[in-house]
Each structure stands twice: as C-alpha cells, then as structure tokens.
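Undergrad:
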Ligand SMILES: *Cc1c(COP(=O)(O)O)cnc(C)c1O
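In my numbering, the protein residues as written are 486 to 709.
1. According to the neighbour-count rule (16 or more other Cβ atoms, all chains shown, within 10 Å of its Cβ), is residue 519 buried or exposed?
2. Quick check on the DSSP output: the alpha helix (DSSP H) that includes residue 551 runs from which residue to which?
3. Is the region 624–637 in contact with the region 645–657, if contact means three or more CB pairs nearer than 8 Å?
4. Can you list, in chain order, the residues of its chain whose CB lies under 8 Å from that of residue 504, leaving out five sequence neighbours each side?
5. Opposite residue 677 in the DSSP bridges: which residues?
6. What runs of the beta strand (DSSP E), each 3 residues or longer, lie entirely inside the region 508–546?
7. Mind listing which residues have their beta carbon within less than 5 Å of any non-hydrogen atom of ligand 1? Chain order is fine.
8. Is it the case that the region 557–573 contacts the region 660–673, given that we only count it when at least three CB pairs across the two stretches are under 8 Å?
9. I need the boundaries of the alpha helix (DSSP H) containing residue 663, first residue and last residue.
10. How far does the alpha helix (DSSP H) with residue 702 in it reach, from first residue to last?
11. Expressed to the nearest angstrom, what Euclidean distance is found between the alpha-carbon atoms of residue 638 and residue 606?
12. With a threshold of 16 other CB atoms inside 10 Å of the CB of residue 683, please say whether the residue is buried or exposed.
13. With distances taken between CB atoms, is the gap from residue 618 to residue 591 smaller than 7 Å?
14. Taking 7 Å as the threshold (C-beta atoms), are residue 496 and residue 537 in contact?
15. Check residue 491 in the structure and name its three-state DSSP category.
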C-alpha cells in the first residue's frame with residue numbers, strides 16, 4: 486500500500502488479507518472479528534470507518550477514548566479497550582466500553598466487577614513486567630477471579646507477539662495456554678491475537694479477534 490492509499494483502500498486490503506489467511510487456515514472468515522484500532526485518530530475517522538461497515542473499534546487510553554466514544558454515541562458500534570488500565574479508571578472505562586482485552590490482575594477484576602463486560606485475560610509473553618499482561622503461570626488464578634466476578638464474561642486470552650520472536654511461534658504458545666485455560670473455563674475459547682504486521686500468523690493459530698491499527702488507519706498522528 487502506498488502512503489496515499491485511501492482509508493477505504495487500506496480497509497479493503499486488510500479485509501482481503503484476512504479472507505486469504507482464513508482460507509489458508511481452512512477456517513470460516515466469519516469466525517474472525519477485525520477490531521480497528523483508532524487510538525490517536527479523531528472521531529471523524531471512526532465515522533468514516535463506520536460508513537465503510539466497521540462495527541468494532543479499539544482504543545487504548547481512557548483520557549482519549551472517553552470523549553471520543555461520547556461524541557460517537559449514536560453509532561452502532563462495539564468498543565474494545567485494549568490498553569493498560571489503572572484500577573481507579575476501571576469503573577469509568579466500564580461505563581463506555583463493551584469489551585476489555587487487557588485484564589491482567591485480580592485488583593482490576595475486582596474494580597470491574599458489577600459491570601456487564603466481556604473480558605480477555607492479557608498474557609505477557611516477555612520477561613518485562615512493564616509490558617502489561619499476566620505471566621502465563623498466573624492465568625488460572627486470575628481466570629478464577631474473573632469467573633467469580635459478577636457481570637464479567639471471560640471470553641479468552643489476549644496477547645501481543647514480542648519483538649524479536651517469530652509471531653507464529655508466540656501465537657502457538659497462546660493457543661496452548663488457551664487450551665489449558667479451557668479446562669477450568671470451557672467457554673473462554675476466544676483469542677485476541679494479531680495486529681497489522683502479524684494477523685496472517687494469528688489467523689493460522691486460531692485468532693478470533695484481530696486488533697488492527699496502522700494497516701487500516703495509516704500512521705498514527707503521534708507516537709503510540
Ligand atoms: C496499538 C495497538 C494495536 C494495533 O497496532 P498496529 O500495529 O497499529 O496494528 C493492537 N494491540 C494493542 C494492544 C495496541 O496497543
């Protein structure tokens with residue numbers, strides 16, 4: 486894609502890339518939800534994407550997302566929160582999103598309890614605790630907290646492929662962790678894996694939710 490390709494062209498290119506990868510994986514493309522990550526982009530772009538048929542949007546910062554979602558309240562859209570979430574902001578975020586992909590600790594489950602939300606447990610595949618996500622060994626305990634929390638529906642696992650690691654291999658690890666999680670949470674079978682650069686690999690490893698930013702929106706106006 487050239488830098489001058491339009492939003493519609495980039496969206497089409499990703500849609501065909503997703504369809505191709507689903508075919509390659511022998512999967513039904515309808516099993517894969519593409520969330521367009523609109524962080525750092527204005528509400529006007531969300532409207533354009535909505536006109537192009539997008540219904541799932543991802544945001545990562547409360548400060549930015551809250552006014553944007555409020556401005557777009559008339560849209561028929563599902564909002565996904567994908568960024569690190571402070572417990573003190575949790576209640577406010579729960580007020581305007583439908584899905585939280587970044588559940589990573591017991592205190593966050595407690596803070597979100599009582600709200601009707603779909604939840605993905607984010608797994609940290611790096612050795613850096615600052616990256617967000619729970620270590621693989623912590624998944625089961627956190628899952629039990631989420632399962633016990635009123636209103637929260639545990640959907641599955643979310644992860645970002647670490648820099649410097651083959652994404653397919655990283656996603657295969659997540660798929661194995663997901664199989665183990667299902668021994669205690671049989672319905673938590675969704676996988677939020679795959680971004681602009683690695684969604685094909687994610688689909689091949691069973692992704693049900695892709696979080697795609699720049700491949701569709703173009704470069705973000707500020708670093709993010
Ligand atoms: C920004 C972001 C994305 C989208 O990244 P792109 O490389 O622009 O597709 C996906 N997931 C998370 C958690 C993000 O913060």
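Cβ atoms here follow ideal geometry from the backbone N, Cα and C, with glycine treated the same way. Note that this is a predicted model, so its numbers are computed, not measured.
TA: On the basis of the data shown:
1. For the purposes of this step, residue 519 is taken as residue 34 along the chain shown, with counting starting at 1. Burial call: buried.
2. Sequence index remark: in the chain shown, residue 551 carries index 66 (1-based). Start and end: 547–556.
3. When C-beta atoms of the region 624–637 are compared with those of the region 645–657, fewer than three pairs fall below 8 Å, so the two segments do not count as touching.
4. Position 19 of the chain shown, counted from the start, is the residue given in the question as residue 504. Same-chain partners within the cutoff: 514.
5. Here the question's residue 677 lines up with position 192 in the chain shown. 643, 694.
6. Taking 3 residues as the shortest admissible run, the region 508–546 contains the following complete beta strand (DSSP E) segments, listed from N- to C-terminal end: 518–522, 541–544.
7. Cβ-based neighbours of ligand 1 within the cut-off: 522, 545, 567, 680, 681, 696, 697, 698, 699.
8. Under the three-pair Cβ rule at 8 Å, the region 660–673 does not count as touching the region 557–573.
9. Residue numbering aside, residue 663 sits at position 178 when the chain shown is read from its first letter. Where residue 663 is concerned, the enclosing alpha helix (DSSP H) stretches over 652–666.
10. Position 217 of the chain shown holds residue 702. Per DSSP, the continuous alpha helix (DSSP H) segment holding residue 702 begins and ends at 699–702.
11. Taking the first residue of the chain shown as 1, we reach residue 638 at position 153. Taking the first residue of the chain shown as 1, we reach residue 606 at position 121. The alpha-carbon separation between residue 638 and residue 606 amounts to approximately 11 Å.
12. As a first step, residue 683 must be located in the chain shown, where it is residue number 198. Note on residue 683: 16 or more other CB atoms within 10 angstroms of its CB, so buried under the neighbour-count rule.
13. For this step, residue 618 is matched to residue 133 along the chain shown. For this step, residue 591 is matched to residue 106 along the chain shown. Their beta carbons are not under 7 Å apart, which means residue 618 does not touch residue 591 by this criterion.
14. Counting from 1 along the chain shown, the entry for residue 537 is found at position 52. Counting from 1 along the chain shown, the entry for residue 496 is found at position 11. Closer than 7 Å, so yes.
15. By one-based count along the chain shown, residue 491 stands at place 6. DSSP places residue 491 outside both helix and strand once states are collapsed to three, so it counts as coil.
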